[in-house]
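In case it helps, the working numbering puts the sequence shown at residues 640 to 745.
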Amino acid sequence: MSKKKKDWKTEKERLLRLDREERRKEYRRQEFICLDKVLTWREENTSNDKEEGKELTGGGGLSDKVSLYKGDITILEVDAIVNAGANLVCTANLVMNTIKNLRGLK
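Rendered as structure tokens:
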């Protein structure tokens, strides 16, 4: 096994042993948004519908699993950011470089 691969696995194991507060001390940026603060699609629509006198019925499905976030994704408290635009080379490079510059790569 290469040294780089071994170092990555060792670091992963170390991070997995840390509790939430210890992991937060390891962040490169101390300002972040917990995912608990990002509403699911259902929660977002429920708050809008209550204002209009309507209420969303039913449960489960994607609306309880999907969240829409508008803003700087590099401050979300997530384990990874995946660049789904990898097929579009120019766009992918812009997204990758922006994320790398704002968040950094470990």
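Cβ atoms here follow ideal geometry from the backbone N, Cα and C, with glycine treated the same way.
For residue j and residue i, the rounded distance between their alpha carbons
i: Asn740; j: Lys664; result: 20 Å
i: Leu701; j: Thr679; result: 9 Å
i: Asp646; j: Asp658; result: 21 Å
i: Arg656; j: Glu650; result: 10 Å
i: Ile672; j: Lys648; result: 27 Å
i: Leu654; j: Val717; result: 13 Å
i: Glu661; j: Arg667; result: 13 Å
i: Asp703; j: Glu652; result: 31 Å
Proximal residues to residue i (C-beta, below 8 Å), its chain only, five neighbours per side dropped
i: Ile720; result: Ile712, Thr713, Ile738, Arg742
i: Glu670; result: Ile714
Burial state of residue i (16 or more Cβ within 10 Å)
i: Arg681; result: buried
Nearest to residue i (by Cα), restricted to the options the options
i: Val705; options: Met735, Glu716, Leu674, Asp718; result: Leu674
6 Å CB neighbourhood of residue i in its chain, flanking five on each side removed
i: Tyr708; result: Val677
i: Asn736; result: none
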